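Asks:
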Amino acid sequence: MDARTGKRIRAGRLVDETSGKTIIVAYSHGVLLGPIDGLVGLDQMRRTVHALAAADAIMVAPGMVRWLEDGFVGRNRPSLAIHLDWTNFSRPILPYEQGAQRSLATIEEVAAAGADVVMTYLLLGNDDPEREAEEIARNAAVARQCERYGIVHMIEPRHSLERRAPETKQDPEIIKLYCRISAEIGADLVKCIWPGSVERLRAITESCPVPVLVAGGARKDRPEDAIQLAADAITGGAGGLVFGRNIYQADDPAAALDALRAVVHERVAG
Numbered sequence: 156m157d158a159r160t161g162k163r164i165r166a167g168r169l170v171d172e173t174s175g176k177t178i179i180v181a182y183s184h185g186v187l188l189g190p191i192d193g194l195v196g197l198d199q200m201r202r203t204v205h206a207l208a209a210a211d212a213i214m215v216a217p218g219m220v221r222w223l224e225d226g227f228v229g230r231n232r233p234s235l236a237i238h239l240d241w242t243n244f245s246r247p248i249l250p251y252e253q254g255a256q257r258s259l260a261t262i263e264e265v266a267a268a269g270a271d272v273v274m275t276y277l278l279l280g281n282d283d284p285e286r287e288a289e290e291i292a293r294n295a296a297v298a299r300q301c302e303r304y305g306i307v308h309m310i311e312p313r314h315s316l317e318r319r320a321p322e323t324k325q326d327p328e329i330i331k332l333y334c335r336i337s338a339e340i341g342a343d344l345v346k347c348i349w350p351g352s353v354e355r356l357r358a359i360t361e362s363c364p365v366p367v368l369v370a371g372g373a374r375k376d377r378p379e380d381a382i383q384l385a386a387d388a389i390t391g392g393a394g395g396l397v398f399g400r401n402i403y404q405a406d407d408p409a410a411a412l413d414a415l416r417a418v419v420h421e422r423v424a425g
């Protein structure tokens with residue numbers, strides 16, 4: 156008996172038995188962006204978590220677990236995913252060009268809370284190579300602790316200079332690089348931004364030895380655009396989705412999730 160069994164059990168809970176894919180609802184933007192639409196107050200958040208019971212997992216920040224725990228208790232409930240890192244990389248208020256990250260909890264604490272998966276950030280391409288080395292070491296340390304405690308580790312890698320050079324944000328060679336590095340240091344799952352086309356995504360998923368999950372990004376102007384993104388992600392070989400604002404900011408979050416489940420798990424065309 157060892158932690159490999161625990162990780163297999165937790166990974167199995169994240170994946171739909173029929174499709175072999177996963178939909179993780181990212182409901183943790185408060186730790187990054189503050190009280191944005193869809194997660195302004197606790198009552199709203201509790202209602203939303205319960206409405207999204209069909210999700211394979213819901214990701215929340217460590218400090219929100221105790222307030223939202225009822226949504227994860229019982230059979231046929233989503234897995235608990237922990238947004239382990241804080242970062243100031245992507246916020247529009249008080250922004251930083253390159254940003255920094257810090258972990259908000261230990262993996263021992265995550266395991267004690269009953270979580271199945273954690274997500275960390277990995278920022279590469281910083282002006283200071285030592286900061287990149289620190290990022291590698293920090294994520295590798297989390298990966299080793301996840302191996303020790305049987306927790307699934309998802310890394311979201313990004314290019315540190317996206318703000319300075321936005322034309323590089325969807326560069327497939329950069330995305331392939333940071334996705335592969337994430338897997339090589341121990342990630343079980345890699346979350347990546349949409350690279351711009353199915354063909355680019357396929358090249359990324361084929362060069363990454365662990366499942367790549369596609370991020371939903373900001374809420375789309377039309378719900379059907381989010382559905383099309385999901386369909387394109389699956390066509391491009393993604394192992395699933397990490398969608399947040401396109402679900403919890405929808406007029407009907409449960410219906411938005413059901414529509415995505417139809418595409419990802421039932422392979423209904425977008």
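The sequence shown begins at 156 in this note's numbering and counts up by one. Each residue gets a CB set at the ideal place from its N, CA and C atoms; glycine is no exception. Note that the coordinates shown come from a computational prediction; the quantities given were computed from them, not determined experimentally.
1. Roughly how far, in whole angstroms, is the beta-carbon of G395 from the beta-carbon of I178, given that I think they are within contact range, below 8 Å?
2. Quick one: Cα of P350 to Cα of G399, how far?
3. Among Q300, G305, I291 and G185, which has the Cα closest to the Cα of M156?
4. Kindly identify the DSSP beta-bridge partner or partners of D240.
5. Have a look at the DSSP bridge pairing and note the partners of I179.
6. Report the option in S183, D343 and L223 whose CA atom is closest to the CA atom of L197.
7. Please state whether DSSP places R168 in a helix, a strand or coil.
8. Going by DSSP, name the residue or residues bridged to T275.
9. Would you mind sorting I262 into buried or exposed? The rule is 16 or more other CB atoms within 10 Å of its CB.
10. Would you say T275 and V297 are within 8 Å of each other, going by their C-beta atoms?
11. Leaving aside the five residues before and after K331 along the sequence, list all residues of the same chain whose C-beta is less than 6 Å from its C-beta, in chain order.
12. Assuming V423 and I389 make a contact with CB atoms under 8 Å, what is their CB distance in whole Å?
13. What does a CB cutoff of less than 8 Å around I237 pick up in its chain, not counting 5 residues either side in sequence?
14. How big is the Cα-Cα spacing for D413 and A209?
15. Is it right to say Q315 is buried, meaning 16 or more other beta carbons lie within 10 angstroms of its own, or is it exposed?
16. Just to confirm the assignment, what range does the alpha helix (DSSP H) spanning A298 have?
17. With H, G and I counted as helix, E and B as strand and the rest as coil, what does DSSP make of S337?
18. Could you tell me which of C334, D225, P366 and I248 sits nearest to L278, measuring between CA atoms?
19. Give the secondary structure of V418 by DSSP, where H, G and I count as helix, E and B as strand, and everything else as coil.
Replies: Let's see:
1. On the sequence shown, residue 395 is found 240 positions in, with the first residue counted as 1. On the sequence shown, residue 178 is found 23 positions in, with the first residue counted as 1. About 6 Å; that satisfies the 8 Å criterion.
2. Taking the sequence shown and counting its residues from 1, one reaches residue 350 at position 195. Taking the sequence shown and counting its residues from 1, one reaches residue 399 at position 244. Each residue's alpha carbon lies about 18 Å from the other.
3. Indexing the sequence shown from 1 puts residue 156 at position 1. The candidate whose alpha carbon is nearest that of M156 is G305.
4. For the purposes of this step, residue 240 is identified with residue 85 of the sequence shown, where counting begins at 1. According to DSSP, which records beta bridges pairwise, D240 is partnered with S258.
5. Reading the sequence shown from its first residue, position 24 is the one you call residue 179. In the DSSP output, where bridge partners are listed per residue, I179 has A212 and V397.
6. As a working note, residue 197 is residue 42 in the sequence shown. Nearest to L197 by alpha-carbon distance, out of S183, D343 and L223, is L223.
7. Here residue 168 refers to the residue found at position 13 of the sequence shown. Three-state DSSP puts R168 in a helix.
8. Numbered from 1 along the sequence shown, position 120 holds the residue referred to as residue 275. DSSP, once it has assigned bridges, lists I310 as partnering T275.
9. Along the sequence shown, one-based indexing puts residue 262 at 107. Residue environment for I262: buried (at least 16 other C-beta atoms within 10 angstroms of its C-beta).
10. Residue mapping note: residue 275 aligns to position 120 of the sequence shown, counting from 1. Residue mapping note: residue 297 aligns to position 142 of the sequence shown, counting from 1. For the 8 Å CB-CB criterion, T275 and V297 form a contact.
11. Along the sequence shown, read from residue 1 onward, the residue named residue 331 stands at position 176. The answer, listed in chain order, is I359 and S362.
12. The count along the sequence shown starts at 1 and reaches residue 423 at position 268. The count along the sequence shown starts at 1 and reaches residue 389 at position 234. The pair is not a contact, with the Cβ atoms about 10 Å apart (cut-off 8 Å).
13. As a position in the sequence shown, residue 237 is number 82, starting the count at 1. Sequence-distant partners of I237 (beyond 5 residues in either direction) whose C-beta falls short of 8 Å from its own C-beta, in its chain, are M214, V215, A216, P217, V220, A260, V265, A268, A270, V272, V273 and M274.
14. Taking the sequence shown and counting its residues from 1, the one referred to as residue 413 is at position 258. Taking the sequence shown and counting its residues from 1, the one referred to as residue 209 is at position 54. Computed Cα separation, rounded: 8 Å.
15. In the sequence shown, counting from the first residue as 1, residue 315 sits at position 160. Before going on, a small fix: residue 315 reads as Ser here, not Gln. Buried, since its Cβ has 16 or more Cβ neighbours within 10 Å.
16. By one-based count along the sequence shown, residue 298 stands at place 143. That run of the alpha helix (DSSP H) goes P284 to Y304.
17. One-based indexing of the sequence shown puts residue 337 at position 182. DSSP places S337 in helix when its eight states are reduced to three.
18. Position 123 of the sequence shown, counting from 1, holds the residue named residue 278. Of C334, D225, P366 and I248, the residue nearest in Cα terms is C334.
19. Translated into positions along the sequence shown, residue 418 becomes position 263. V418 falls in the helix class under three-state DSSP.
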